[in-house]
């Protein structure tokens, strides 16, 4: 009996597939979530553009691009961490710490290369520490990185005495990162593109990426299928640390000095908001780099729009917090979690 | 009659769990409920506790029809079900645990002194003043004390019916004695006690009558004095075997998997061999330690001692990864929770255990991956529109085939299947049996853990029976019958030793 119904279902399948409209196929490729982000982005651009046509200037586009580049790289790596079911609240603090370190090492060594390398090394250590605390201390990722969020910030202030350090504005490497361009596109944007592309390729085409999705989707199943979960957790947090260091170096270049807190404060919230808005599930296992990048752009345009429309910057913070809640509410509804009270 | 359940039926998604079950319990008696795994005991208790509503049938207590719509309804009607692991609030005292929801108050303030006095009085009244300290924290209680707290919760209300679900499975001998004293006391107080257990000797010790369930129906009720253990076992078995697959036994080859004295937190001194092309069934009742054995074997839980050999070579297994490398595949019991990536495609799920094999410099060969998925979807007859379909959209049977496909793709030397056909329809079941048969034909050593005795009998060349974390007997295909397996699974190991080869 079962087999007859099944064969009938199979016979109907091709017909159904043929009748699928082209729109449907486009939707399958882009994804519903990404499409809604694109629509939201379009609406936002239309509204801001109609209020102030300066928005469309190439210079403003570049401004948006360079502004989102720092948040962007962090959102990309936040996506990676969230896909395995984790969270890294310490990325902003780690970026501040590495910013200071890169400038101070540059000042004493007179070499941008050494400064950058040491900063990347410190980034590895911050990520490694997070991973070790989470794995071997059995500490919840939120708590562990909330602790290091405070810790790394404190460390940054300690080594810098809470002041901006060094002056990198005359060094050609830092100047190139901050204001240089390749093929007319600012270096900072290129850095975001490279980081995002690498992460995207990693997630999509390698067994590592597939295991990342598997882990976030079902950790038990992944362990029983022979995936070394610990190694992946540590790996993801170390990657987060390295990318935080890249963000820190970008900050140093942009401001011309090592900044312990200014510029990096709030990056953790922005990166988490972008990832969640981009469709990365807080439970892990779901989400993609293109989604996150679209969300980063959306947030960047929103921020830029509010600024050129002269909206009080405190409102921007409120809008940001609000967006994170909205993003997660949408996620929960899509998972079918109903709006009943907790048990 | 204190409790009359009349013609109660319950189905879940079309599967009959209970049909026309009638149970009667008198005031002041202990009525035992026994049956194989899946016979319907738990469903019956859940109906009694108000967790499920019966589809048809009536329940009456002391002649009055009752409608048990929620656990609260059941409590109000004087019905309490004591589960194996009662809900205990860890960081508050025993007294607060007992009176939770109805703490004594002085005005708006919580009256700690009154609470303690009240509980002291209760403990005296029920005769276990020394067994429980009212001020002890919930987290410090032993399993027996936890049950005591749950029983006290029942006793401080006007309880008329108490049901125990496998109460002794986590208790020591001394604690069992205490519990039995308490049950006898309840009986003499005129409470009607329902006692669900796998352990026949206990039932013969404590119960007045026994009702046997099988396949969701009542086989019969007997006075304990007029029936023997063998007769009860005989009533439990005898499920319908028509249409069941029967495997063609192969000539087994060399020993592939050899386990010596494996012990973990849950299993003790497990030794057995599995030969190439052989299917070894592991039978036992729920809680006998069968799945725990599998998890210890593949390194998912830590083995305390013991030795595992694959193809004669000793292997050190400290994680499922090690087991996989040694050539052992394991399809766990809980398909959704432990095996499948529900929101990912059939292809993703099938390739999970072979990704590293089909990757070069970490780049997955997508063509090869698709070919593997296509091949096994066809071979196992997985009914899915495409390999890109999300697994959550498949039926249970097809999901299980996807899990099998994952391990088939890996080509293991040893394959451990824990409840390979749970929640699978009859058609898919037969297909899965054929797959297992074919695998054995190819020389894979297979271990099948199953709670369904007909399944074990149909598939296994040899049956190992477990009870309380130990292997209590081994039966060849010729020797194995439902009666003999149940006898080894239920009676005390010392008694069962006669028919067992250690």
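Chains as they are written, first to last, in the working numbering: chain A, 1376 to 1718; chain B, 6 to 507.
Where a beta carbon is used, it is the ideal one built from N, C-alpha and C, also for glycine.
From a predicted model like this one, the values you see are computed outputs, not experimental measurements.
Can you list the residues of chain A that residue i reaches, using a CB-CB cut of under 7 Å?
i	result
residue 369 of chain B	1580, 1581, 1582 and 1585
residue 343 of chain B	1595, 1596 and 1599
residue 325 of chain B	1598, 1599 and 1601
residue 348 of chain B	1592, 1660 and 1661
residue 329 of chain B	1601
Using a Cβ cut-off of 8 Å (strictly closer), state whether residue i contacts chain A.
i	result
residue 255 of chain B	no
residue 337 of chain B	yes
residue 171 of chain B	no
residue 21 of chain B	no
residue 422 of chain B	no
residue 305 of chain B	yes
residue 508 of chain B	As shown, chain B starts at 6 and ends at 507. That puts residue 508 of chain B outside it, with no answer to give.
residue 357 of chain B	yes
residue 232 of chain B	no
residue 493 of chain B	no
Determine the chain A residues that contact residue i at a beta-carbon separation under 8 Å, and present them in chain order.
i	result
residue 404 of chain B	Those do not exist, as residue 404 of chain B stays about 12 Å from chain A at its closest Cβ, beyond 8 Å.
residue 364 of chain B	1581 and 1582
residue 360 of chain B	1582, 1585 and 1586
residue 353 of chain B	1585, 1588 and 1589
What residues of chain A sit near residue i, judged by a beta carbon separation below 9 Å?
i	result
residue 439 of chain B	Under the 9 Å cutoff, chain A gives no residues; its nearest Cβ is about 14 Å from residue 439 of chain B.
Buried or exposed: which applies to residue i, given that a residue is buried once 16 or more other Cβ atoms fall within 10 Å of its Cβ?
i	result
residue 140 of chain B	exposed
residue 111 of chain B	exposed
residue 6 of chain B	exposed
residue 186 of chain B	exposed
residue 1690 of chain A	exposed
residue 90 of chain B	exposed
residue 203 of chain B	buried
residue 80 of chain B	buried
residue 356 of chain B	buried
residue 87 of chain B	buried
residue 72 of chain B	exposed
residue 290 of chain B	buried
residue 1658 of chain A	exposed
residue 517 of chain B	No information on residue 517 of chain B is available, as it lies outside the stretch 6 to 507 that chain B covers here.
Hey, does residue i have any beta-carbon neighbour from chain D nearer than 8 Å?
i	result
residue 80 of chain B	Reference to chain D is not applicable here, since the protein chains of this structure are A and B.
Return yes when at least one heavy atom of the ligand HEM lies under 7 Å from the C-beta of residue i, else no.
i	result
residue 142 of chain B	For the ligand HEM, the structure offers nothing, since it holds no ligand at all.
### Task
Mind checking the region 1634-1661 of chain A against chain B and listing, in chain order, the residues whose C-beta falls within less than 8 Å of any C-beta there?
Flagged, chain order: 1660 and 1661.
### Query
In the region 1623-1705 of chain A, which residue ranges form an unbroken alpha helix (DSSP H) of at least 4 residues, counting only runs that do not cross its ends?
1642-1652 and 1664-1683, all fully within the region 1623-1705 of chain A.
### Message
What are the residues in the region 1588-1603 of chain A lying within 8 Å of chain B by C-beta distance?
### Response
With the criterion set as a beta carbon lying under 8 Å from some beta carbon of chain B, the members of the region 1588-1603 of chain A are 1588, 1589, 1592, 1593, 1595, 1596, 1597, 1598, 1599, 1600, 1601, 1602 and 1603, in sequence order.
### Task
Kindly provide the ranges of any alpha helix (DSSP H) runs that are 4 or more residues long and lie completely inside the region 292-360 of chain B, ordered along the chain.
Runs of the alpha helix (DSSP H) inside the region 292-360 of chain B: 295-302, 325-330 and 351-356.
### Task
Kindly provide the ranges of any alpha helix (DSSP H) runs that are 4 or more residues long and lie completely inside the region 1487-1543 of chain A, ordered along the chain.
As far as the region 1487-1543 of chain A is concerned, its whole alpha helix (DSSP H) runs of at least 4 residues are 1487-1511 and 1516-1535.
### Whole runs of the alpha helix (DSSP H) within the region 73-145 of chain B, excluding any shorter than 4 residues
Qualifying alpha helix (DSSP H) stretches, in chain order: 76-81, 99-104 and 117-131.
### Query
Unbroken beta strand (DSSP E) runs of length 3 or more, entirely within the region 154-188 of chain B: which are they?
Qualifying beta strand (DSSP E) stretches, in chain order: 166-170.
### Query
Considering only residues of the region 210-261 of chain B, which uninterrupted alpha helix (DSSP H) runs meet the minimum length of 4 residues and lie entirely inside it, listed in chain order?
As far as the region 210-261 of chain B is concerned, its whole alpha helix (DSSP H) runs of at least 4 residues are 234-241.
### Sequence ranges, beta strand (DSSP E) only - wholly within the region 393-429 of chain B, length at least 3
Here the runs fully enclosed are 419-423.
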